[in-house]
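Asker: Numbering (the working numbering), first residue to last: 19 to 143. We treat Cβ as the ideally placed atom computed from N, Cα and C, and that holds for glycine.
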Amino acid sequence: MHEASIAQSIVQTVLQEADKQSAFYIESVEIEIGELTFLGIEQIEFWIKTGFQGTIAEKAEIVIKQVKGIIHCKACDYQGELNIQKDPAYHISIPTFSCPQCQRSKIEITQGREALIRRIKILKK
């Protein structure tokens, strides 16, 4: 249920920034969510829309882009997307990250853990 708290932070930040800019209407909000956050995009959107109800952002278009996970392998110097393997032996999905080139786990995640507000389109007073 991390989606609700992340969405609440997004809603608060968007509304605070709109207030600082003397906005009377928020047209759209663009958000980037990294795939390695394992957040549900639909749930994030639902909670943002719920948080925007009764505010100047109530009718805002919400655009959420999922950002691919990118790694740097310290073993073979590979840079790119990673393997995410889920072990069926576990009841709860516990992903294992490994390099698709050498299959080792000596990796550094360079992209895909973010949750960013990329753009807020407003109308000013």
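Using C-beta distances below 7 Å, list every residue in its chain close to I24, excluding the 5 sequence neighbours before and after it, in chain order.
Answerer: So the qualifying residues of the chain are L57, I62 and A133.
Asker: Is the Cβ-Cβ distance between I82 and K67 less than 8 Å?
Answerer: Against a cut-off of 8 Å, the Cβ pair of K67 and I82 comes out as no contact.
Asker: What is the DSSP secondary structure of G52, counted as helix, strand or coil?
Answerer: Of the three classes helix, strand and coil, the one that applies to G52 here is strand, per DSSP.
Asker: Can you tell me the Cα-Cα spacing of V85 and I44, whole angstroms?
Answerer: Spanning the two alpha carbons is a distance of roughly 24 Å.
Asker: Can you find the residues in the same chain that come closer than 8 Å, C-beta to C-beta, to I89, ignoring five residues on each side of it along the sequence?
Answerer: Once the five neighbours on either side are set aside, the close Cβ partners of I89 are Y96, Q97, G98, E99, L100, F115, C117, I125, E126, I127 and T128.
Asker: What's the C-alpha gap between K142 and C91?
Answerer: Their Cα atoms are separated by approximately 47 Å.
Asker: Taking all protein chains shown into account, decide if E21 is buried (16 or more other Cβ within 10 angstroms of its Cβ) or exposed.
Answerer: Its Cβ being crowded by 16 or more others within 10 Å, E21 is buried.
Asker: Would E35 pass as a contact of R137 if the rule is Cβ separation under 8 Å?
Answerer: Not a contact, by the Cβ cut-off of 8 Å.
Asker: Distance check for I59 and R131, CA to CA, integer angstroms please.
Answerer: Between R131 and I59, the C-alpha separation is close to 14 Å.
Asker: Among the residues of its own chain, which have a CB less than 7 Å from the CB of A135, if the five just before and after it don't count?
Answerer: The sequence given here has Ile at residue 135, not Ala. Answer for I135: I28, T31, V32, V47 and I49, listed in chain order.
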